[in-house]
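Report on the structure given below.
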Amino acid sequence: MQTRLFRVAAWLISLLLLVVLSGVIGWTLRSQPETLALPTPIAFVTSAPASPTSAPASPTSAPAPTLTATIAPKATAALTPPATATATLSATPSATIMATATSATATPAFTATEDTPATATVTDTVTDTPVITFTPALPVTPVFTDTAAATATPAATVASSITISTVEIVGLPVPTPTPPLDNGDWGSLTDPNQMQELVVISNTVWIASSGGALAWSKGSNTPVLYTAADGLYGNQLNTVVNCALSGFGIVFGSPAGLQIGDARTGRWRQINSGSGSGMRYDDVSTVYCDAQNDFLIIGYREHGIDIYDAASDEWQHMDRNSGLAANDARALAVVGNREQIWVASNDGVTVAAGADSTFYNADNSELADNRVEALAAAADGAVWLGGKGVMYRVQAKQWSVYDEGSVEGDFPTQQITAMAFAPDGALWLASADAEVCRFDIKQERCSDFYAGAAGMAPGPLTSLTVDANGNVYYTTDGNGYAVFDGRTWRSLAVRDPLLVGNSIKALALDASGALWAATEAGVQQLAENKLPTLFDGADSGIAALDIRTLHPGADGGMWVGGMQGASFFDGSSWQAFTTKEGLAGDTVQAITVDGEGRTWFGTNRGLSVWNGSSFFTIDKERGLPSEDIRALAAGDGAVWIGTAGGGLYRFAGNQLQLFNRQNIGLPSDNITALASGADGELWVGTYRGLARLAGGDLLVIQELDERPITALAATAAEEVWAAAAEDGVFYSDGARWIQLTLGDKLPSASIAALLAQGTQVWIGGQEGGITHFQR
Numbered sequence: 055m056q057t058r059l060f061r062v063a064a065w066l067i068s069l070l071l072l073v074v075l076s077g078v079i080g081w082t083l084r085s086q087p088e089t090l091a092l093p094t095p096i097a098f099v100t101s102a103p104a105s106p107t108s109a110p111a112s113p114t115s116a117p118a119p120t121l122t123a124t125i126a127p128k129a130t131a132a133l134t135p136p137a138t139a140t141a142t143l144s145a146t147p148s149a150t151i152m153a154t155a156t157s158a159t160a161t162p163a164f165t166a167t168e169d170t171p172a173t174a175t176v177t178d179t180v181t182d183t184p185v186i187t188f189t190p191a192l193p194v195t196p197v198f199t200d201t202a203a204a205t206a207t208p209a210a211t212v213a214s215s216i217t218i219s220t221v222e223i224v225g226l227p228v229p230t231p232t233p234p235l236d237n238g239d240w241g242s243l244t245d246p247n248q249m250q251e252l253v254v255i256s257n258t259v260w261i262a263s264s265g266g267a268l269a270w271s272k273g274s275n276t277p278v279l280y281t282a283a284d285g286l287y288g289n290q291l292n293t294v295v296n297c298a299l300s301g302f303g304i305v306f307g308s309p310a311g312l313q314i315g316d317a318r319t320g321r322w323r324q325i326n327s328g329s330g331s332g333m334r335y336d337d338v339s340t341v342y343c344d345a346q347n348d349f350l351i352i353g354y355r356e357h358g359i360d361i362y363d364a365a366s367d368e369w370q371h372m373d374r375n376s377g378l379a380a381n382d383a384r385a386l387a388v389v390g391n392r393e394q395i396w397v398a399s400n401d402g403v404t405v406a407a408g409a410d411s412t413f414y415n416a417d418n419s420e421l422a423d424n425r426v427e428a429l430a431a432a433a434d435g436a437v438w439l440g441g442k443g444v445m446y447r448v449q450a451k452q453w454s455v456y457d458e459g460s461v462e463g464d465f466p467t468q469q470i471t472a473m474a475f476a477p478d479g480a481l482w483l484a485s486a487d488a489e490v491c492r493f494d495i496k497q498e499r500c501s502d503f504y505a506g507a508a509g510m511a512p513g514p515l516t517s518l519t520v521d522a523n524g525n526v527y528y529t530t531d532g533n534g535y536a537v538f539d540g541r542t543w544r545s546l547a548v549r550d551p552l553l554v555g556n557s558i559k560a561l562a563l564d565a566s567g568a569l570w571a572a573t574e575a576g577v578q579q580l581a582e583n584k585l586p587t588l589f590d591g592a593d594s595g596i597a598a599l600d601i602r603t604l605h606p607g608a609d610g611g612m613w614v615g616g617m618q619g620a621s622f623f624d625g626s627s628w629q630a631f632t633t634k635e636g637l638a639g640d641t642v643q644a645i646t647v648d649g650e651g652r653t654w655f656g657t658n659r660g661l662s663v664w665n666g667s668s669f670f671t672i673d674k675e676r677g678l679p680s681e682d683i684r685a686l687a688a689g690d691g692a693v694w695i696g697t698a699g700g701g702l703y704r705f706a707g708n709q710l711q712l713f714n715r716q717n718i719g720l721p722s723d724n725i726t727a728l729a730s731g732a733d734g735e736l737w738v739g740t741y742r743g744l745a746r747l748a749g750g751d752l753l754v755i756q757e758l759d760e761r762p763i764t765a766l767a768a769t770a771a772e773e774v775w776a777a778a779a780e781d782g783v784f785y786s787d788g789a790r791w792i793q794l795t796l797g798d799k800l801p802s803a804s805i806a807a808l809l810a811q812g813t814q815v816w817i818g819g820q821e822g823g824i825t826h827f828q829r
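Below is the structure:
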């Protein structure tokens, strides 16, 4: 024991002298990740964790050569004609080394195009004169100066290579590439029963849902469903109108703009901010069309409204800078031929009339609060507004208020979310709890009131429509729609949807090959040729909205992690684990299983390792630099640990290695996703881009720029899928990177989960369900 302690002490003294000596000589370049030995080595057994029995082993080899002088990095290129250029640096062996500014002027001038890019390469040892070569060959006059002579200890030759590549002419439009994924089948898994609005055209009910568009023939029990696999730009649809203006038709509003369906061909046409139409934004929340007066108004979730005048083919935009009280347009109503445009928001109501606007809120009007979700304009010019348990009538700036206490009989008590006038002049209104009222304007009361009647669909109610025959329809967020023919109610919903809920939080495959998905409805097992098996918070112990991650168990079953800890489903029952059972933190944000069958839990308070009978915790007290664990991946005999702000750790042999921006060049120390790829490589998603770590070398993927990465998936065939916040998915087959957007069958522009295995890929959207790709 004394010999071992002496060896450890001698090693520590040697290390201290080396650090002091390096400080005297100059800045020491850190080319290798820092190795941090845990104060307490981890020994996993089948029962309780064992106590430490030995100190960390002493180093068996000398440290890698490092330079005693740093050469500041910088490389630029001046080209004629003006063009943009990118520069990358590499050093062998790994070291931080570079030259001062390098300029290369091409004489005579040359032209770089997409087909014939120009490449300049500078190769330099620390003492040699640099050599610059151009392809194609050009006479050049290089200028290259080292700031300091570099001496290696022990002696080493360090070469640097600066490459100027992909010279792009400024202003040249970049075409959108066609994804090389046409050799397979695309499909969508969605919940079309999350219906947002409907319109009745002849004998067909057209429905905008969070799981696609539905064409439901009256009298039929089965609708036609259109999804992203059929040409929609995403599966989330927020509104639908029948617009007889030239160039329009059945118009659906979505986060990707307007989507116009052709009922005869089943094809879709897009009108959005990028189509050259005049639309300013894409985040459509509501649409109002008046074909008789030749105008269309588009309400946006965050950007006010657009007004399209079809007669002049002109667009006008309004927002907080030009007449609106708020930018979130929740509902629209129009009096006459745009004499008044009413826009409802969470901050009150704007009445735009000509060049002037009037703002109503709880401070200057009869509004009880600023939240208004429903509007309806009557033929006499009066406008009706829906609040929480209250309805308002405004005409010539005179207000009337109707609520449970002021009207005779029943009246909705919850937030009024929908209003519509019937052909007979009656006003129908409904609350989020599916309380439906036929309001008699003359008698000022609900002449008919329905709540929970036979045949009604339970809420949340999202819209209400009255057709030309006086039939009343309302849609719900999850329970289909209901129709009232004046005598009875009837509810209709898509039978046996492939998914329950459309907001994907996590995806995983179990040992049997069944897909598991976590949505706002709960955790569900989607086995082939079977209906989804749904588990809610009462089953798993974790509320559906609080789920963060899924991972298959070492010997089957499925782990679920979230804000109430972790739960395990063994095929028949659930077992819950919280801090009371030994978890390091209350919120489980990542789960993985290592090569020895142990389950690792990344929490907001550190790591917990489950050996089948007990937990062992790794936190700051045991040497963990950062306790907020956001991502985990096992592979190549190690467990990789991604943190929020603390960088990346590699755990192997009871030691942690630290990788961060400073020592290896990670794009960010905020790790968002990890995936083990082919040949032991690790893909690292960060808040500022994607990187590949293989053999100790880090490669930052320039094609993704500094986009935040939200999910990763990799296969043994060198395929990599990376989700970028609000920017779809980037795919690589090992040769090039291709960006997939809403036009490429994605369920949503924002992807929350990715899963790849063999020839299959599942892409889970923050909205719009799942897209499935099968080669």
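Note that my numbering has the sequence shown beginning at 55, numbered continuously upward.
Heads up, the beta-carbon is just placed ideally off N, CA and C, and yes, glycines get one too.
| query | result |
| --- | --- |
| Neighbour-count burial assignment, T276, 16 or more Cβ in a 10 Å radius | exposed |
| C-beta atoms of A385 and E356 nearer than 8 angstroms | no |
| Closest by C-alpha distance to Q497, when choosing among S557, G241, Y456, V774 | Y456 |
| Own chain partners of Q828 with C-beta closer than 6 angstroms, once the 5 adjacent residues on each side are dropped | G238, D239, Q814 |
| Contact set for A387: own chain, Cβ-Cβ below 7 angstroms, skip 5 residues either direction | W396, L429, A430, A431, V437 |
| Pairwise C-alpha distance: D401 and G266 | 30 angstroms |
| Distance CB(R761)-CB(G750) smaller than 8 angstroms | no |
| First through last residue of the beta strand (DSSP E) which encompasses A592 | Counting along the chain, A592 falls outside any beta strand (DSSP E), though it belongs to the alpha helix (DSSP H) covering 591-594. |
| Selection from D723, G666, I805 that minimises the alpha carbon distance to A685 | D723 |
| Straight-line gap, S331 to E368 (C-alpha atoms, nearest Å) | 9 angstroms |
| Identified DSSP bridge partners for H357 | Answer is none; H357 lacks a bridge partner. |
| Nearest candidate by alpha-carbon position, reference I470, set V389, L518, D733 | L518 |
| For E757, three-class secondary structure by DSSP | helix |
| For G377 and T281, the rounded distance between their alpha carbons | 37 angstroms |
| Environment of K559 [buried if 16+ CB atoms lie within 10 Å] | buried |
| Local conformation of G743 per DSSP, three classes | strand |
| Three-state secondary structure (DSSP) of R321 | coil |
| Whole-angstrom C-beta distance between V526 and W37, which should lie under 8 angstroms | Summary: the structure shown does not reach residue 37, with the chain confined to residues 55 through 829, and so no result is reported for it. |
| Cα-Cα separation, D410 to L796 | 38 angstroms |
| Pairwise C-alpha distance: S263 and N556 | 10 angstroms |
| As assigned by DSSP and simplified to three states, the class of R447 | strand |
| For F622, the first and last residue of its enclosing beta strand (DSSP E) | 619-623 |
| Neighbourhood of G307 by C-beta distance below 6 angstroms, restricted to the same chain and skipping five residues each side | N292, T293, V338, V341 |
| Uninterrupted beta strand (DSSP E) stretches inside the region 380-450 (no shorter than 3 residues) | 385-389, 394-399, 402-407, 410-414, 428-431, 437-440, 444-449 |
| Euclidean distance between Cα positions of I672 and W613 | 20 angstroms |
| The region 466-480 in contact with the region 531-548 per 3-pair CB rule at 8 angstroms | no |
| Candidates G288, P246, L279: closest to I805 by CA position | G288 |
| With 16 other Cβ atoms within 10 Å as the buried cut-off, status of A139 | Residue confidence for A139 is low, a pLDDT of 34 falling below 50, so the modelled location carries little weight and cannot support an answer. |
| Of the residues W791, G823, Q811, L809, the one placed nearest P801, counting alpha carbons only | G823 |
| Span separating the alpha-carbon of A345 from that of A565 | 56 angstroms |
| Option nearest P679 by Cα separation, candidates Y335, G689, G660, E650 | G660 |
| E489 - DSSP class collapsed to helix/strand/coil | strand |
| Neighbour flag for L712 against chain C, beta carbons, 8 angstroms | The structure shown contains no chain C, having only a single protein chain. |
| Beta-carbon gap between A777 and I763 smaller than 8 angstroms | yes |
| Cβ shell of D550 (< 6 angstroms), same chain only, five flanking positions each side left out | L585 |
| CA nearest to the CA of M249, picked from Q629, F493, L268, I255 | L268 |
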